[in-house]
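See below for the structure under consideration.
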Amino acid sequence: MTKQTRSTRRRYLQATGGALGAAGLTALAGCSGGGGSTESLSVAYMPIYPDMQHFVMEKEGYYDALDADVEATEFSDGPSIVQAYATGDYDVALFGVVPAMIVIDKTGFAKVTAANIQNAMQILARDEFAAMYDEQGKDAFAAWEAEKGEKFTFGTFPPGSVPDILLRYWLEQELGLDPGSDVNIESLGGAGPVRQALAAGKIDGTSIMEPVPTIANEKGMGYSSIAWAGDFMPGQPAAVTMMHDDLRNDRPELAKSFLEQHKKATAFTENNPDAAAKHASDVIGSDALPVDLARKAMDSPASDFISNPHQIESGTETFAAYANRLGKTSTELSVDQIFDYSLYDSVSE
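Here it is, written out as structure tokens:
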């Protein structure tokens, strides 16, 4: 697990107040747009494209508009956030909708208050197979097995993850195939291992979010998109913003302020794709995501950034059913158990 903590300028002002003296602190606080605060707000996030709002909020200084000392911690994967969040250590988490369901199911003290993105997943396949799929549709999988002597192999995130569930849904509901017998589905871990497997040609296909499809295309890895979630599951959920009950119920004004900045970050991303791409590259790392590729990924239909949680309700119901069926939750969670729309609605009136 990678874990890295960043603090906002407000924390810097508080930490340096004693050294600067009252006059210096007052001057700096005036520049920051607000005074000190005894409140704190802990945010967990992942360095993935669907957490774009966090990148913008951090780099554009939107966190400084909150009347709180914001501390953001980076985690390498959803299960690590689940483990940390379940102990009650974090107020806000930006991560996948399925890990969010797992926290809700196990603890009962959190709910989703915003969406980060919708229609985020693409199904990639080797160019050779993509041509077969264009001609034969679902029969291409049997033809591939007959020709190659082995089943088509998808490599993606762990079972029950957003990419995994989306892939299984597409195979079952759209193609009428059995994910357990008609293809192989291998768990590779996160986006990094999947990207490495694509670069090495070790898998036949994957279910993945941006910027990996763009990177695969631009680097000529030999894979093409054969399906996009927006075509067969409009409003497909991916990353969401989840809040602890203590924040939602005991500090609703701070929770609403966070969502106001989240909405502002979504609007910024839509209106300033060049700057948003630069922020994503800076936070994820320019080696892993160069600015030019980050910008090209912004033009993908899978880069559909939103804040309104109502837009992913239908898709979330589908994911809740699959999450329960795959044993990720003890019960099939309802919309009311997953979402708290009140905070978002209150800042959108």
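According to our numbering, the sequence shown is numbered sequentially starting from -1.
All residues carry an ideal CB built from backbone N, CA and C; glycine is no exception.
This structure is a prediction, so every number in the text was calculated from the model and none was measured.
Every alpha helix (DSSP H) stretch that sits fully inside the segment 26 to 97 and reaches 4 residues is listed by chain position as 50 to 57 and 76 to 84.
In this structure the segment 196 to 214 lies against the segment 148 to 166, because at least three pairs of beta carbons, one per stretch, are closer than 8 Å. Buried is the label assigned to Glu56, since at least 16 other Cβ atoms lie within 10 Å of its Cβ.
When the Cα atoms are used, Val289 and Lys276 turn out to be separated by approximately 6 Å. Pairing Ser185 with Leu122, the inter-Cα distance amounts to about 16 Å. Contact between the segment 81 to 94 and the segment 306 to 313 is absent: fewer than 3 CB-CB pairs across the two stretches fall below 8 Å. In the three-state reduction of the DSSP assignment, Gly178 falls in the coil class. By a beta-carbon distance limit of 8 Å, Tyr320 contacts Tyr167. Their separation comes to about 6 Å. With respect to the C-alpha of Glu251, the residue from Glu330, Lys326, Thr111 and Leu341 having the closest C-alpha is Leu341.
Between Pro211 and Leu287, the C-beta spacing is not below 7 Å. Rounded to the nearest angstrom, the gap between the Cα atoms of Gln51 and Lys262 is 9 Å. A check of alpha carbon separations from Pro77 across Ser344, Phe107, Met44 and Lys136 identifies Met44 as the nearest. Uninterrupted alpha helix (DSSP H) stretches at least 4 residues long and entirely within the segment 99 to 163 occur at 125 to 134 and 137 to 146, given in chain order. Between Ile115 and Ala274, the C-beta gap is not smaller than 7 Å, which leaves the two residues out of contact.
Annotation: Ala225 is outside any alpha helix (DSSP H); the continuous beta strand (DSSP E) that includes it extends over Tyr221 to Trp226. Within the DSSP secondary-structure output, Ile183 pairs in a beta bridge with Phe152. Listed in chain order, the non-local C-beta contacts of Trp226 below 8 Å within the same chain comprise Asn117, Met119, Gln120, Ile121, Pro299 and Ala300, local neighbours out to five positions each way being set aside.
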